[in-house]
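K.L.:
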DNA sequence: GAGTGGTCTAGACCACTGT
DNA sequence: CAGTGGTCTAGACCACTCC
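Chains as they are written, first to last, in our numbering: chain A, 58 to 335; chain B, 58 to 335.
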């Protein structure tokens, strides 16, 4: 009759997962340590194999553990994070006005350091598409207007995993005066996109980064070599010129477990004294 | 003998999940539409219920569908995203020098608009902790030095779900000269943290936002009212004064499915002509 | 080869949703 | 009340790791 407010005990697999999670958070199970085997679990909690398995599946989906055939599940060791700082925007802009000798060797902004160059393969693909409703709105152009789409991929040749992935859009009308900008064989371009745009008289004055996240699909997780339970960070970067016209849009994705996006916001100083008499 | 390179077909539940995912991405299954029932699936793919169920579980974990007892699973409708812009930093700074009458009513920066105030309850809790190794490094202080920790929570009183959650740290040595700053009953403080710091002679000149993401734990998902497969965005904001001293650190989390973090980076102009004769 | 987790099946009961 | 998905069991086979 009377509903028991909170008396119902949660399902067994949730209680197991919660128990293990608390052990991990308390440090009883340090990163890298092995969790109890499924057999251990179903004995200790007197449940079936499949319930123990559900608990493990949940912890995997939460990114707390890594499991694989033949090995007991292991508390995940968080990988170090690669910092991607917005200071790069200004650095790339400054570089665009330097002589070609300085720009040489510094190609795309997305190059991965921290790893020998020989193991990386970089690939860029150019094509031309119609804007479509979503991008047309961002650029303030017609949906049928043409955009140059440039897709950049770099991979680790040993593991065949993605290292970086981004797509850039620019109006064809903006770049067509310099045919080199539409030629993918000119990649990697010394000095990056900001120098490319400088050749058609465009100076970028402001960048807007829009960051969100979601879970990867099965194929994305495979391409990046992501363990279970690791989200993707999505970053759309919009470049504006002095007239607040959108000149480039760039969509990039990053594995959240090994990426930190860093944004620097300088603040304008207060006037000397707020109480200065006018 | 010879290993068949890619001939092995993937497990049945992955093939089902992939098939359904493609139907969703192609638009054959529009957002809001019902997926086939488990019975349908295990007939169509001639598999057992549990395999069909695994496929559904995977799609849930990827955030593509929503499922619940008694209802066929449904293609998730992406909620609109609330934009949190770094322009707020400057706006809050400007506000700090305005008279109290203007500052009044504008409390914490994390207030949620777009919903009637009566349904929100705001709670702030202050306490004092020792810095510990991680925060000590950020502040450049000793691990045993004291920090004022302020925790802010706002909830929807109807659903009892979290609307915002953040934690702020400031060195006690910095704020102790104004006892009001350590008194939680003074919240919400008109004008926010930047005005609070101005009362002890601190002007924030730069903010650094560090963004990453991870999956929520079971309790976090419950507190936020998150459906399966939705990551949390984590943002640590570090405030620096004119001497590049860290004066405040703020950790906030946001549900990735309904949040877009936006960062504006103004770029310094090129000098008039690179070819100007010196 | 022993032990592990991953896949898969068949079948049961329950909580919840629709009508 | 019929049908749905969520939970749970018991048992089987396989791929993989470690010894």
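Quick reminder that beta carbons are idealized off the backbone N, C-alpha and C, glycines included.
Run through the DSSP bridge pairs and tell me what residue 267/A is partnered with.
P.N.:
293/A and 319/B
K.L.:
Check each residue of the segment 275-289 of chain A: if its Cβ is closer than 7 Å to any Cβ of chain B, include it; give the result in chain order.
P.N.:
Within the segment 275-289 of chain A, the qualifying residues are 275, 286 and 288.
K.L.:
Output the distance between the C-alpha atoms of residue 67/B and residue 202/A, rounded to the nearest integer angstrom.
P.N.:
42 Å
K.L.:
Starting from residue 69/A, trace the alpha helix (DSSP H) in both directions and tell me its first and last residue.
P.N.:
Unbroken alpha helix (DSSP H) run through residue 69/A: 69-83.
K.L.:
Residues of chain B with CB closer than 7 Å to the CB of residue 321/A, please, in chain order.
P.N.:
263 and 265
K.L.:
Counting pairs of Cβ atoms below 8 Å between the segment 268-279 of chain B and the segment 110-125 of chain A, do you hit three or more?
P.N.:
yes
K.L.:
Between residue 322/A and residue 75/B, what straight-line distance do the alpha-carbon atoms span, to the nearest angstrom?
P.N.:
Approximately 42 Å between the Cα atoms of the pair.
K.L.:
Pick out whichever of 215/A, 204/A, 216/A and 249/A has its Cα sitting closest to the Cα of residue 230/A.
P.N.:
204/A
K.L.:
Against chain A, with Cβ distances strictly below 8 Å, would residue 146/B count as a contact?
P.N.:
yes
K.L.:
To test your reading of the DSSP string, which unbroken beta strand (DSSP E) runs of 3 or more residues are found completely within the segment 197-261 of chain B?
P.N.:
Qualifying beta strand (DSSP E) stretches, in chain order: 203-213 and 218-228.
K.L.:
Using a Cβ cut-off of 8 Å, which residues of the segment 213-229 of chain B contact any Cβ in chain A, in chain order?
P.N.:
none
K.L.:
Between 234/B, 247/B, 259/B and 299/B, which lies nearest to residue 157/B when the distance is taken from Cα to Cα?
P.N.:
247/B
K.L.:
Return helix, strand or coil for residue 336/B, following the three-state DSSP convention.
P.N.:
Outside the shown range of chain B (58 to 335) lies residue 336/B, about which nothing can therefore be said.
K.L.:
Smallest Cα separation from residue 284/A: which of 233/A, 313/A, 237/A and 69/A?
P.N.:
313/A
K.L.:
Can you give me, in chain order, the residues of the segment 126-146 of chain B that have a beta carbon less than 7 Å from any beta carbon in chain A?
P.N.:
In summary, the residues of the segment 126-146 of chain B whose CB is separated from some CB of chain A by less than 7 Å are 138, 143 and 146, in the order they occur in the chain.
K.L.:
Reducing DSSP to helix, strand and coil, say where residue 7/B ends up.
P.N.:
Chain B is shown from 58 up to 335; residue 7/B falls before or after that span and cannot be answered.
K.L.:
Show which residues of chain B have a CB atom less than 8 Å away from the CB atom of residue 150/A.
P.N.:
324, 325 and 327
K.L.:
What do you get for residue 96/A, buried or exposed, if any count of 16 or more other CB atoms within 10 angstroms of its CB means buried?
P.N.:
exposed
K.L.:
Beta-carbon of residue 208/B versus every beta-carbon of chain A: anything under 8 Å?
P.N.:
no
K.L.:
Helix, strand or coil: which one does DSSP assign to residue 101/B?
P.N.:
Three-state DSSP puts residue 101/B in a helix.
K.L.:
DSSP three-state label for residue 151/B, please.
P.N.:
helix
K.L.:
For residue 290/A, which option in 277/B, 87/B, 72/B and 267/B has the closest C-alpha, if you only look at C-alpha atoms?
P.N.:
Selected option, being the one with the closest Cα: 267/B.
K.L.:
Can you look up residue 94/B in the DSSP assignment and give me helix, strand or coil?
P.N.:
coil
K.L.:
Straight-line CA distance for residue 253/B to residue 288/B?
P.N.:
33 Å
K.L.:
Do residue 324/B and residue 264/A come within 8 Å of each other at the CB atom, strictly closer than that value?
P.N.:
yes
K.L.:
Any C-beta of chain B within less than 8 Å: which residues of the segment 67-93 of chain A qualify?
P.N.:
Listed in sequence order: 71, 74, 75 and 78.
K.L.:
Counting only C-beta atoms, is residue 167/A closer than 8 Å to chain B at any point?
P.N.:
Only weak support is given to the placement of residue 167/A: the predicted model assigns it a pLDDT of 47, under 50, and the question is left unresolved by the model.
K.L.:
Identify the contact partners of residue 268/B in chain A, using a Cβ-Cβ distance below 8 Å as the criterion.
P.N.:
268, 290, 317, 318, 319 and 320
K.L.:
For residue 313/B, decide whether its Cβ has a neighbour in chain A, counting only Cβ atoms nearer than 8 Å.
P.N.:
yes
K.L.:
Quick one: list the residues of chain A neighbouring residue 119/B, beta-carbon separation under 8 Å, in chain order.
P.N.:
272, 273, 274 and 275
K.L.:
Between residue 309/B and residue 307/A, what straight-line distance do the alpha-carbon atoms span, to the nearest angstrom?
P.N.:
26 Å
K.L.:
Should residue 310/B be flagged as near chain A, meaning a C-beta pair shorter than 8 Å?
P.N.:
no
K.L.:
Consult DSSP for residue 308/A and reduce its assignment to one of helix, strand or coil.
P.N.:
DSSP places residue 308/A in strand when its eight states are reduced to three.
K.L.:
Using a beta-carbon distance below 8 Å, is residue 302/A in contact with chain B?
P.N.:
With a threshold of 8 Å between beta carbons, residue 302/A makes no contact with chain B.
K.L.:
Taking residue 214/A as the reference, which of 179/A, 233/A, 239/A and 243/A has the closest Cα?
P.N.:
179/A
K.L.:
Which residues of chain A have a Cβ atom closer than 8 Å to the Cβ of residue 260/B, listed in chain order?
P.N.:
Under the 8 Å cutoff, chain A gives 326 and 327.
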